[in-house]
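J.: Input: one structure, supplied below.
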Amino acid sequence: MIFVTVGSISQGFDRLIKSVDLIAEMTGLDFYVQTGRSKYKPQYCKYSEYVAYSESDNLIKNCQLLICHAGIGTLIIAKKYSKETVIVPRLAKFNEHFNDHQSEICKIIESENRPNIAVVWDINNLTGTVSMMLSQSHLLSTPIDSNSGKNNIVNEIKKLLNTL
Amino acid sequence: MRKSKICNDKNVLMVCARGGHFTELIELVNAFNGFNKTLVTYGGDYVLESEYFDKVYLVSNPLGGLFNMGIFLLNTIKIIFRTRPAVVFSTGSEIAIPFFFFCKLFYRSRLIYVECSAQVYNPSGTGKLIYPITDLFLVQWKTLLKKYGKKAKYVGGLL
Chain U
2 MIFVTVGSIS QGFDRLIKSV DLIAEMTGLD FYVQTGRSKY KPQYCKYSEY
52 VAYSESDNLI KNCQLLICHA GIGTLIIAKK YSKETVIVPR LAKFNEHFND
102 HQSEICKIIE SENRPNIAVV WDINNLTGTV SMMLSQSHLL STPIDSNSGK
152 NNIVNEIKKL LNTL
Chain X
5 MRKSKICNDK NVLMVCARGG HFTELIELVN AFNGFNKTLV TYGGDYVLES
55 EYFDKVYLVS NPLGGLFNMG IFLLNTIKII FRTRPAVVFS TGSEIAIPFF
105 FFCKLFYRSR LIYVECSAQV YNPSGTGKLI YPITDLFLVQ WKTLLKKYGK
155 KAKYVGGLL
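Written out as structure tokens, the structure is:
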């Protein structure tokens, strides 16, 4: 199953949902789409508007490929499971977000050359990127992330708590 | 020395907006094991899970006119008086502002803020406002360090 998620923000992301639906129609692949407030409703995919936090965690953990907006919530969970991920940033010019911070996130992630992450800047390239990721996914699998950043933050917090 | 006798040493108040802020908070929630964890976040048509917390308060968004702001501030004060937190923790965003200021004022709570990893090059408005009164201020990208003062720390990021 390919999990598509666009997060919990109040704007829709029709550009991505339409494109995914087209891929589902062409390929017959099994998609599950979390649409949020998008107006377009997929015809060739299972979908729901929102999923609970733990369900989303589970879907990301178990999907074959993740396609998502550049929301940090989704990306953090994807990192936790070292999931093959195709990211499509929401753009302010299409009224998909209030600013272009998702592009900033994508640029800094791209600059780190993580092997299992691809960023799609032009939605017309989504089909190509998805098929590339699917065909290579067995080569890309990386060990579960050690989450050193997370551990360091937790330790900093604990240091302060110990002074109470 | 800074500790106030009237706050409850075992209570931590965790405040965040929805979406990525919430995920970041959940990722870090285990740092507070051993404390009574009270969450404050926005209500709405999301699915909320409270298994990580001892108590959950849902508040309405203050950004919708004076009336909404008034209701929000009254709720804020009520939650703070009921919780009397020794520590306030937030991963953003603006929902944290009144909790940080009032808790510092009333209970001298220790304030911990982790700037959202969506802030790569520029500080958030919330971060800039609460930076001066925050006890532990962490950013998640090195690029952001030079935009804050000496107190800001970078030890790694969640992303």
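Residue numbers (the numbering used here), protein chains in the order written: chain U, 2 to 165; chain X, 5 to 163. Yeah, the Cβ is synthetic: ideal placement off N, Cα and C, and Gly gets one too.
(1) Report yes or no: do three or more beta-carbon pairs, one from the stretch 31-46 of chain U and one from the stretch 89-106 of chain U, lie closer than 8 Å?
(2) Using a C-beta cutoff of 8 Å, does residue 37 of chain U count as contacting chain X?
(3) Can you tell me whether residue 73 of chain X is helix, strand or coil according to DSSP?
(4) Can you find a CB in chain U that lies within less than 8 Å of the CB of residue 119 of chain X?
(5) Under 8 Å between the Cβ atoms of residue 44 of chain X and residue 56 of chain X?
(6) Would you mind telling me which residues of chain X sit closer than 7 Å to residue 125 of chain U, beta carbon to beta carbon, in chain order?
(7) In the DSSP assignment, what are the bridge partners of residue 107 of chain X?
(8) Are the Cβ atoms of residue 163 of chain X and residue 121 of chain X separated by less than 8 Å?
(9) Could you check which residue in X:71, X:129 and X:91 has the C-alpha nearest to that of residue 161 of chain U?
(10) Does DSSP put residue 69 of chain U in a helix, in a strand, or in coil?
(11) Could you give the DSSP three-state label for residue 10 of chain X: helix, strand or coil?
(12) State the Cα-Cα distance for the pair residue 75 of chain X and residue 66 of chain X, rounded to the nearest angstrom.
(13) One question on the structure: do residue 120 of chain U and residue 17 of chain U come within less than 8 Å of each other, judged by their Cβ atoms?
(14) In three-state terms, what does DSSP make of residue 156 of chain X?
(15) Answer with yes or no whether the minimum CB distance from residue 5 of chain X to chain U is below 8 Å.
(16) Considering only residues of the same chain and omitting the five flanking positions on each side of residue 47 of chain U, which have a CB-CB separation below 6 Å?
(17) Classify residue 78 of chain X: buried if its beta carbon has 16 or more other beta carbons within 10 angstroms, exposed otherwise.
(18) Please confirm if residue 112 of chain U has its CB atom under 8 Å from at least one CB of chain X.
(19) Strictly under 8 Å for the Cβ-Cβ distance: is residue 165 of chain U near chain X by that measure?
(20) Quick one: is residue 156 of chain X buried, meaning 16 or more other Cβ sit within 10 Å of its Cβ, or exposed?
(21) Ordered along the chain, which non-local residues of its own chain (more than five positions away) have a Cβ less than 8 Å from that of residue 76 of chain U?
(22) Of all the CB atoms in chain U, is at least one closer than 8 Å to the CB of residue 30 of chain X?
(23) In chain order, what residues of the same chain lie with their CB nearer than 6 Å to the CB of residue 140 of chain X, ignoring the 5 residues before and after it?
T.: If we stick to the structure as given:
(1) no
(2) For this step, residue 37 of chain U is matched to residue 36 along the first sequence. Not an interface residue.
(3) Counted from its first residue, the second sequence places residue 73 of chain X at position 69. It is helical.
(4) Within the second sequence, the letter at position 115 stands for residue 119 of chain X. By this cut-off, residue 119 of chain X is not an interface position.
(5) On the second sequence, position 40 is the one that residue 44 of chain X refers to. On the second sequence, position 52 is the one that residue 56 of chain X refers to. Cβ distance not < 8 Å, so residue 44 of chain X and residue 56 of chain X don't count as in contact.
(6) The residue given as residue 125 of chain U occupies position 124 in the first sequence. Correct list: empty, because the minimum Cβ distance to chain X is about 26 Å.
(7) In the second sequence, counting from the first residue as 1, residue 107 of chain X sits at position 103. Paired residues: none, contrary to the question.
(8) The count along the second sequence starts at 1 and reaches residue 163 of chain X at position 159. The count along the second sequence starts at 1 and reaches residue 121 of chain X at position 117. Yes, the pair counts as a contact, with Cβ atoms nearer than the cut-off.
(9) Position 160 of the first sequence holds residue 161 of chain U. Of X:71, X:129 and X:91, the residue nearest in Cα terms is X:91.
(10) Along the first sequence, one-based indexing puts residue 69 of chain U at 68. Three-state DSSP puts residue 69 of chain U in a strand.
(11) Taking the second sequence and counting its residues from 1, the one referred to as residue 10 of chain X is at position 6. Coil at residue 10 of chain X, not helix or strand.
(12) Stepping through the second sequence from its first residue, residue 75 of chain X is reached at position 71. Stepping through the second sequence from its first residue, residue 66 of chain X is reached at position 62. Approximately 8 Å, taken between the alpha carbons.
(13) Along the first sequence, read from residue 1 onward, the residue named residue 120 of chain U stands at position 119. Along the first sequence, read from residue 1 onward, the residue named residue 17 of chain U stands at position 16. Cβ atoms of residue 120 of chain U and residue 17 of chain U: not closer than 8 Å.
(14) Position 152 of the second sequence, counted from the first residue, corresponds to residue 156 of chain X. Residue state, collapsed to three classes: coil.
(15) Residue 5 of chain X sits at position 1 when you count from the first residue of the second sequence. Reliability of the predicted coordinates at residue 5 of chain X is poor, the pLDDT of 47 falling under 50, and the value obtained from them is presented with this limitation in mind. It does not; no Cβ of chain U falls within 8 Å.
(16) Your numbering for residue 47 of chain U matches position 46 in the first sequence. 33, listed in sequence order.
(17) Here residue 78 of chain X is taken as the residue at index 74 of the second sequence, counted from 1. Exposed, by the Cβ-count rule.
(18) Locating residue 112 of chain U in the first sequence gives position 111, counting from the first residue. No, residue 112 of chain U does not count as interfacial toward chain X.
(19) In the first sequence, the residue the question calls residue 165 of chain U occupies position 164. Closer than 8 Å to some Cβ of chain X, the Cβ of residue 165 of chain U qualifies, so yes.
(20) Position 152 of the second sequence, counted from the first residue, corresponds to residue 156 of chain X. Buried, since its Cβ has 16 or more Cβ neighbours within 10 Å.
(21) Here the question's residue 76 of chain U lines up with position 75 in the first sequence. So the list reads 69, 86, 88, 106 and 110, once near-sequence residues are dropped.
(22) The count along the second sequence starts at 1 and reaches residue 30 of chain X at position 26. So, interface residue.
(23) In the second sequence, counting from the first residue as 1, residue 140 of chain X sits at position 136. Closer than 6 Å at the Cβ level, and outside the excluded window around residue 140 of chain X, lie 116.
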